[in-house]
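J.: Structure provided below as structure tokens; questions to follow.
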Amino acid sequence: MQSQTTDLGSGHVIGTERILVSEGHRVTLNPQPTNSPNDPLNWSPWRKYWHAFLVLFVVGLTAATSNSAGSASDALLAKGISESTENTGAGVLFAGIGYTTLLLSPLPALYGRRSTYLLCLLSSVAGSIWFAKTTRSADAIWSQLFVGASESCAEATAQLSLSELFFSHQRGMVLGLYILATSVGTFLGPLFAGLITDSNLGWSWIGWFAVIISVATFIVFLFGFEETSFCRRAVLEGIRLSNNNTEAPKMQKVNFRNNNASETGEQVSSFQDEPKSYWQRIAIVTPSSTLIGFGFKQYFSSLIGTFRVFSFPAVLYAGLQWGAQDAWLTFYLTVEEDNYYEAPWNYGDTSVALMNIPTLIGAVIGCFYGGWFSDKFVEWMARRRGGISEAEDRLWLMYPAAIINPVGLIVFGIGSDQGWLFPELWGAYIGLGFIGFGWGCAGDIGMSYLADCYPDMILEGMRKYLDG
């Protein structure tokens with residue numbers, strides 16, 4: 130094997146790569162690992178899993194806090210806060226997610242991933258305190274701006290961090306876990322919030338529990354989450370750039386056998402990279418090697434340049450898929466809130482929250498299908514064409530979702546109208562499970578397809594992905 134960027138010919142198409150070598154059909158490691166002790170791909174398994182767990186935890190946490198306010202609907206009505214005000218708050222929340230994701234998008238690239246996570250966790254603390262102390266309509270609306278802003282790290286930076294910890298042939302599985310974490314937070318968050326509302330603690334403890342968990346998570350991230358950004362190209366090319374953009378120091382080139390890159394005995398040339406100290410690894414700000422001064426000009430240039438990805442077909446497709454899942458989510462949540470609190474159902478907050486369980490079950494199955502199974506499917510397709518993988522291989526798995534998801538919407542709608550004993554598939558519960566399956570696999574497959582097409586533009590793609 131020559132390298133991870135195997136030449137596929139002058140007509141190479143974006144999203145096409147060699148993921149298997151012919152000798153024994155061994156999997157090619159992409160991106161190409163280095164021998165640097167600072168390379169996240171070289172971290173020990175427990176170190177990788179710990180950081181992946183922290184990323185997935187903050188994804189689930191921010192998803193839960195962003196979807197829990199509705200569980201206090203009855204209590205807020207008793208305080209004179211109308212349903213229209215709550216709906217406005219929900220709109221402000223989604224605006225906070227989208228615009229904060231966009232506005233903070235250059236931050237992880239220029240100043241490191243940690244700064245984004247810490248900033249978003251502080252926003253979660255502020256928004257949750259404000260929500261817990263809600264006494265008037267303005268509180269119910271504007272507290273959600275900060276709660277929504279806190280989820281922005283989960284909408285782009287999290288995928289970037291996960292992609293830096295694992296190889297491309299593991300991408301479907303990793304992003305499947307990401308979607309699963311989102312699903313757990315989205316569907317179980319309202320359930321726990323409903324239980325809190327119906328308990329002796331009262332609805333305000335939805336916010337206070339979020340504050341406690343967010344503060345604890347902030348402390349863990351502050352001291353236990355290392356920076357995952359790594360200048361791979363500089364190491365592989367043996368070029369070290371100085372942070373102040375001055376003349377680079379002389380570098381010592383060494384040849385070593387990269388045992389991680391492949392099993393074919395490939396020789397890789399690189400400079401000797403000194404391991405970072407603990408305090409360097411957990412620095413709040415890790416400036417990019419290309420940062421000029423404080424980077425203000427680069428920040429705004431990067432922000433403006435983000436819009437160029439809007440015209441990329443894979444980005445538009447992935448954004449459409451995720452946007453559709455958000456639309457279906459809004460649809461069934463609205464039906465639940467508008468119908469099940471009233472006759473003939475007369476559900477309470479806990480009963481409505483329990484309706485998220487079949488959705489979560491479907492999402493778990495969908496994440497397995499769109500994650501681990503899609504990785505195996507892509508590998509199987511690559512074996513059929515001599516080790517070459519196409520990004521579009523994953524799209525074959527969208528056909529079942531294209532049938533199951535609409536069926537779930539129809540069954541849920543008719544089941545809600547006709548009652549639980551509606552003969553076709555027990556109505557709403559099965560419909561919610563189908564909707565959850567679509568949420569899990571369509572989001573995972575769309576996101577993996579986007580990352581396969583543009584692996585070097587994950588952060589920018591995810592910003593459009595969210596806005597889709």
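Quick note on this note's numbering: the sequence shown kicks off at 130 and runs consecutively. Where a beta carbon is used, it is the ideal one built from N, C-alpha and C, also for glycine. On a predicted model such as this, the values are computed, not experimentally measured, just so you know.
Could you tell me which of A193, L524, D168 sits nearest to L317, measuring between CA atoms?
T.: For this step, residue 317 is matched to residue 188 along the sequence shown. Of the candidates A193, L524, D168, the one whose C-alpha sits nearest the C-alpha of L317 is A193.
J.: DSSP state of I210, grouped into three classes?
T.: Taking the sequence shown and counting its residues from 1, one reaches residue 210 at position 81. Note: I210 maps to coil in three-state DSSP.
J.: Considering I348, what are the terminal residues of the alpha helix (DSSP H) in which it resides?
T.: Residue numbering aside, residue 348 sits at position 219 when the sequence shown is read from its first letter. Per DSSP, I348 belongs to the alpha helix (DSSP H) from 334-353.
J.: Quick check on A193 - is its C-beta less than 9 Å from some C-beta in chain D?
T.: Of the chains in the structure shown, none is chain D; there is only one protein chain.
J.: So what does DSSP say about T326, is it helix, strand or coil?
T.: The count along the sequence shown starts at 1 and reaches residue 326 at position 197. Three-state DSSP puts T326 in a helix.
J.: Measuring CA to CA, which of G448, L561, W509 is closest to G575?
T.: Here residue 575 corresponds to residue number 446 of the sequence shown, with the count starting at 1. Here the closest residue by C-alpha is G448.
J.: Among L158, A492, L236, whose alpha-carbon lies nearest the alpha-carbon of S431?
T.: Here residue 431 is taken as the residue at index 302 of the sequence shown, counted from 1. Cα-wise, what sits closest to S431 is L236.
J.: Return the CA-CA distance between S195 and Y461, expressed in angstroms with no decimal places.
T.: Working through the sequence shown from its first residue, we reach residue 195 at position 66. Working through the sequence shown from its first residue, we reach residue 461 at position 332. Each residue's alpha carbon lies about 17 Å from the other.
J.: Note down, one range per segment and in chain order, each beta strand (DSSP E) of at least 3 residues found wholly within the stretch 406-477.
T.: Complete beta strand (DSSP E) runs here, min 3: none at all.
J.: Classify D546 as helix, strand or coil using the three-state DSSP reduction.
T.: As a working mapping, residue 546 is identified with position 417 in the sequence shown. Residue state, collapsed to three classes: helix.
J.: Would D203 be called buried (16 or more neighbouring beta carbons within 10 Å of its own) or exposed?
T.: Your numbering for residue 203 matches position 74 in the sequence shown. Result: exposed.
J.: Would you kindly check if the distance between the Cβ of L489 and the Cβ of G565 is under 9 Å?
T.: What you label residue 565 is simply residue 436 of the sequence shown in a count that begins at 1. What you label residue 489 is simply residue 360 of the sequence shown in a count that begins at 1. Contact flag set, yes.
J.: Report all residues from its chain with a CB closer than 8 Å to the CB of W501; omit the five preceding and five following residues, and keep chain order.
T.: On the sequence shown, position 372 is the one that residue 501 refers to. Answer for W501: G301, M302, G305, listed in chain order.
J.: Going along the chain, which residues of its own chain have a beta-carbon closer than 8 Å to the beta-carbon of E215, five neighbours each way excluded?
T.: Along the sequence shown, one-based indexing puts residue 215 at 86. Taken in chain order, the residues that qualify are A198, G199, S202, L205, A269.
J.: Pull up the CB-CB distance for A339 and S253, whole angstroms please, since I reckon it's below 8 Å.
T.: Counting from 1 along the sequence shown, the entry for residue 339 is found at position 210. Counting from 1 along the sequence shown, the entry for residue 253 is found at position 124. Correct: roughly 7 Å between the Cβ atoms.
J.: Quick check on the DSSP output: the alpha helix (DSSP H) that includes Q288 runs from which residue to which?
T.: In the sequence shown, the residue the question calls residue 288 occupies position 159. It spans 287-294 - the alpha helix (DSSP H) in which Q288 sits, taken as one unbroken run.
J.: Label Q454 either buried or exposed according to how many other C-beta atoms from any shown protein chain fall within 10 Å of its C-beta, with 16 as the threshold for buried.
T.: For the purposes of this step, residue 454 is identified with residue 325 of the sequence shown, where counting begins at 1. The residue in question, Q454, is buried, as its Cβ has 16 or more Cβ neighbours within 10 Å.
J.: For G491 versus G544, is the C-beta distance shorter than 9 Å?
T.: Here residue 491 refers to the residue found at position 362 of the sequence shown. Here residue 544 refers to the residue found at position 415 of the sequence shown. Not closer than 9 Å, so no.
J.: For S211, does the count of other Cβ atoms within 10 angstroms reach 16, so buried, or fall short, so exposed?
T.: Counting from 1 along the sequence shown, the entry for residue 211 is found at position 82. When all chains shown are included, S211 counts as exposed.
J.: Please report the straight-line C-alpha distance between V481 and E466, rounded to a whole angstrom.
T.: The count along the sequence shown starts at 1 and reaches residue 481 at position 352. The count along the sequence shown starts at 1 and reaches residue 466 at position 337. So the two alpha carbons sit approximately 8 Å from each other.
J.: Using three-state DSSP, classify S577 as helix, strand or coil.
T.: Position 448 of the sequence shown, counted from the first residue, corresponds to residue 577. Three-state result, S577: helix.
J.: Looking only at its own chain, which residues have a Cβ that is under 6 Å from the Cβ of A255, when we skip the five neighbours before and after it?
T.: Here the question's residue 255 lines up with position 126 in the sequence shown. So the list reads F275, once near-sequence residues are dropped.
J.: For F350, count the other beta carbons within 10 Å of its own beta carbon; 16 or more makes it buried, fewer makes it exposed. Which is it?
T.: On the sequence shown, position 221 is the one that residue 350 refers to. Looking at its Cβ environment, which holds 16 or more other Cβ atoms inside 10 Å, F350 is buried.
J.: Whose CA, out of K208, V464, F354, F359, lies closest to the CA of T163?
T.: Residue 163 sits at position 34 when you count from the first residue of the sequence shown. Residue F359 is the option with its Cα nearest to T163.
J.: What is the residue span of the alpha helix (DSSP H) that N485 lies within?
T.: As a first step, residue 485 must be located in the sequence shown, where it is residue number 356. From DSSP, the alpha helix (DSSP H) with N485 extends over 485-497.
J.: Using the Cβ count rule (16 or more neighbours within 10 Å means buried), how would you classify P473?
T.: As a first step, residue 473 is located in the sequence shown; it is residue number 344 there, counting from the start. With fewer than 16 Cβ atoms within 10 Å of its Cβ, P473 is classed as exposed.
J.: Consult DSSP for Q161 and reduce its assignment to one of helix, strand or coil.
T.: Here residue 161 refers to the residue found at position 32 of the sequence shown. Coil, per DSSP.
J.: List the endpoints of the continuous alpha helix (DSSP H) containing A278.
T.: Within the sequence shown, residue 278 is the residue found at index 149, counting from 1. Taken as a continuous stretch (DSSP letters only), the alpha helix (DSSP H) holding A278 covers 266-279.
J.: Measuring straight from C-alpha to C-alpha, what distance separates G516 and G452?
T.: The count along the sequence shown starts at 1 and reaches residue 516 at position 387. The count along the sequence shown starts at 1 and reaches residue 452 at position 323. Between G516 and G452, the C-alpha separation is close to 33 Å.
J.: Can the beta-carbon of S333 be found less than 9 Å from the beta-carbon of K262?
T.: Start at 1 with the first residue of the sequence shown, and residue 333 comes out as number 204. Start at 1 with the first residue of the sequence shown, and residue 262 comes out as number 133. Against a cut-off of 9 Å, the Cβ pair of K262 and S333 comes out as a contact.
J.: Taking A443 and L233 to be in contact with their CB atoms under 8 Å, please state how far apart those CB atoms are, rounded to whole angstroms.
T.: Against the sequence shown, residue 443 aligns to sequence position 314. Against the sequence shown, residue 233 aligns to sequence position 104. Not quite, the Cβ-Cβ distance comes to about 23 Å (not below 8 Å), so this is no contact.
J.: Which residues bound the alpha helix (DSSP H) around F129?
T.: The structure shown does not extend to residue 129, since the chain spans only 130 to 597, so no value can be given for it.
J.: If you draw a straight line from the alpha carbon of A224 to that of E280, how long is it in whole angstroms?
T.: For the purposes of this step, residue 224 is taken as residue 95 along the sequence shown, with counting starting at 1. For the purposes of this step, residue 280 is taken as residue 151 along the sequence shown, with counting starting at 1. Looking at the two C-alpha atoms, the distance is approximately 11 Å.
J.: From I413 to G241, what does the alpha carbon distance come to, in whole angstroms?
T.: Taking the sequence shown and counting its residues from 1, the one referred to as residue 413 is at position 284. Taking the sequence shown and counting its residues from 1, the one referred to as residue 241 is at position 112. Using only the alpha carbons, I get a separation of about 8 Å.
J.: Could you check if A617 is buried or exposed, using at least 16 other CB atoms within 10 Å of its CB as the buried criterion?
T.: In the structure displayed, the chain extends from 130 to 597; residue 617 sits before or after that span and is not available.
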